[in-house]
Amino acid sequence: MTPNPTDAVVILTGAGISQESGIATFREADGIWAKVRIEDVATPDAFQRDPDGVHAFYNARRRGLAEPGIAPNAAHHALATLEARWPGPVLVVTQNIDDLHERAGSRTLIHMHGELLKSRCAHCGAVAPCPGDLATDMTCDACGRTGGLRPHVVWFGEVPLEMERIYAALEACALFLSIGTSGHVYPAAGFVSIARTAGAHTVELNLEASAGATLFADHIHGRATEVVPAYVDRLLQAV
Ligand code: APR
Numbered sequence: 196m197t198p199n200p201t202d203a204v205v206i207l208t209g210a211g212i213s214q215e216s217g218i219a220t221f222r223e224a225d226g227i228w229a230k231v232r233i234e235d236v237a238t239p240d241a242f243q244r245d246p247d248g249v250h251a252f253y254n255a256r257r258r259g260l261a262e263p264g265i266a267p268n269a270a271h272h273a274l275a276t277l278e279a280r281w282p283g284p285v286l287v288v289t290q291n292i293d294d295l296h297e298r299a300g301s302r303t304l305i306h307m308h309g310e311l312l313k314s315r316c317a318h319c320g321a322v323a324p325c326p327g328d329l330a331t332d333m334t335c336d337a338c339g340r341t342g343g344l345r346p347h348v349v350w351f352g353e354v355p356l357e358m359e360r361i362y363a364a365l366e367a368c369a370l371f372l373s374i375g376t377s378g379h380v381y382p383a384a385g386f387v388s389i390a391r392t393a394g395a396h397t398v399e400l401n402l403e404a405s406a407g408a409t410l411f412a413d414h415i416h417g418r419a420t421e422v423v424p425a426y427v428d429r430l431l432q433a434v
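FYI, the numbering for the sequence shown is 196 to 434, going by this note's numbering.
Okay, structure coming up:
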């Protein structure tokens, strides 16, 4: 299928795109959920029960993101190049809470599962930059109350962010790419069906077949740093 350069493109990304940048995925043998239980760190209940433990988990991840070796890879850069050079609209919807897409230069970007480098106040809802550790005794700059600051991330049981904007883009796109996601977590895992119903061509670029692989028209299996730049180069030949 040769896309038209004015086509709208929506790209869903997951942990697999950041794996070669040194950030662990979730569901692989050595992934985060093999070491920590979701119920202990990634639900509203966990935060209520053990806020210090939840803070410790995300503080460690935030510090990891600041390590000197952590940087966007060729796949992140290729998507930023696509956005810069593709004449039609390009939207990246990421499930990742790292900042590697923006560091690579992506500008039209939705962090549907939130951002590690932001905090949110459970009292007033204010979202603020959060470059360092969070703790239960910290005070919100916006409302002055203590104890409500939490990572600005979407936990299991919570509604992902900007869903209306995402659904509108999926319904209007002609090309839908899914990169580095296992297809186990909804609503993201259902995006391919929405795009396909809207008439989009759908392509999975992943290390292996995802849980929803059969829903895609095309499959390209390999490491993100190899398959994504090659696919973007092919798209940009049409421009
Ligand atoms: N290149 C391409 N794909 C890769 C690479 C790589 N270098 N390394 C791993 N993958 C693939 C894996 O084969 C797997 O299918 O990336 C996928 C990662 O899947 P998950 O670990 O399940 O991550 P993701 O799909 O992003 O998880 C979704 O679950 O717990 C949550 O909130 C968390 O946003 C996350 C959501």
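All residues carry an ideal CB built from backbone N, CA and C; glycine is no exception.
Source: prediction; values computed, not measured.
Notebook entry, point to check: What residue from Thr397, Pro263, Leu312 has the CA that sits closest to Arg153's CA?
Noted result: Here the chain has residues from 196 to 434 only, and residue 153 is not among them.
Notebook entry, point to check: Thinking C-alpha only, which one of Val380, Ala270, Pro324, Val322 is nearest Leu400?
Noted result: Ala270
Note to self: Cutting at 8 Å between CB atoms, please list the residues of its own chain near His321, excluding the five before and the five after it.
What the structure shows: First, the amino acid is wrong: residue 321 is Ala here, not His. Only Arg315, Cys335, Asp336, Ala337, Cys338 meet the Cβ criterion.
Item checked: Within 8 Å, strictly: CB atoms of Leu286 and Leu430 -> no
Margin query: Measuring only the C-alpha atoms, how far is Ile206 from Leu372?
Written below: 5 Å
Next item on the list: Using only alpha-carbon positions, find the residue among Leu274, His296, Asp225 that is nearest to Tyr426.
Entry: Leu274
Next item on the list: Give a single yes or no on whether Asn199 has its beta carbon closer than 7 Å to a heavy atom of the ligand APR.
Entry: no
Check: Going by alpha carbons, who is nearest to Leu402 out of Asp202, Pro198, Gln214?
Finding: Gln214
Note to self: Along the chain, where does the alpha helix (DSSP H) containing Gly309 start, and where does it finish?
What the structure shows: Here Gly309 belongs to no alpha helix (DSSP H); instead the beta strand (DSSP E) covers 309-316.
Next item on the list: Would you mind sorting Tyr381 into buried or exposed? The rule is 16 or more other CB atoms within 10 Å of its CB.
Entry: exposed
Check: Three or more C-beta pairs closer than 8 Å, one from the region 359-368 and one from the region 248-265: is that the case here?
Finding: no
Notebook entry, point to check: Measuring CB to CB, does Ser479 end up less than 8 Å from Asn268?
Noted result: Beyond the ends of the chain as shown, which are 196 and 434, falls residue 479; an answer cannot be given.
Checklist line | Run of the beta strand (DSSP E) containing Thr392, from where it starts to where it stops | finding: No beta strand (DSSP E) contains Thr392, which is instead part of the alpha helix (DSSP H) from 386-392.
Check: For the ligand APR, which residues have a Cβ under 6 Å from at least one heavy atom, in chain order?
Finding: Gly209, Ala210, Gly211, Gln214, Glu215, Thr220, Phe221, Arg222, Glu223, Gly226, Gln290, His308, Gly375, Thr376, Ser377, His379, Val380, Asn401, Leu402, Glu403, Ser405, Arg418, Ala419
Item checked: One or two residues paired with Pro200 in a DSSP bridge -> Answer is none; Pro200 lacks a bridge partner.
Notebook entry, point to check: Quick one: what's got a C-beta closer than 7 Å to Asp247's C-beta in the same chain, skipping five residues either side?
Noted result: Thr331
Margin query: Suppose the cutoff is 6 Å on Cβ atoms and the five residues either side in sequence are ignored; what does the same chain contact list for Ala384 look like?
Written below: Gly378, Gly407
Item checked: Exposed unless 16 or more other CB atoms sit within 10 angstroms - verdict on Val204 -> buried
Checklist line | Expected contact under 8 Å - CB spacing of Gly259 and Ala419 to nearest Å | finding: With a Cβ gap of about 19 Å, Gly259 and Ala419 do not count as contacting.
Checklist line | Rounded separation between His306 and Lys230 - CA only | finding: 24 Å
Note to self: Give me, in chain order, the residues of the same chain whose beta-carbon lies closer than 8 Å to that of Phe351; leave out the 5 immediate sequence neighbours on both sides.
What the structure shows: Ile233, Ala237, Thr238
Notebook entry, point to check: Can you tell which of Thr289, Val387, Thr376 has its C-alpha closest to the C-alpha of Cys368?
Noted result: Val387
Item checked: C-alpha gap between Thr341 and Met333, whole angstroms -> 6 Å
Notebook entry, point to check: Which residue from Ala404, Pro200, Arg391, Met196 puts its Cα closest to that of Pro284?
Noted result: Pro200
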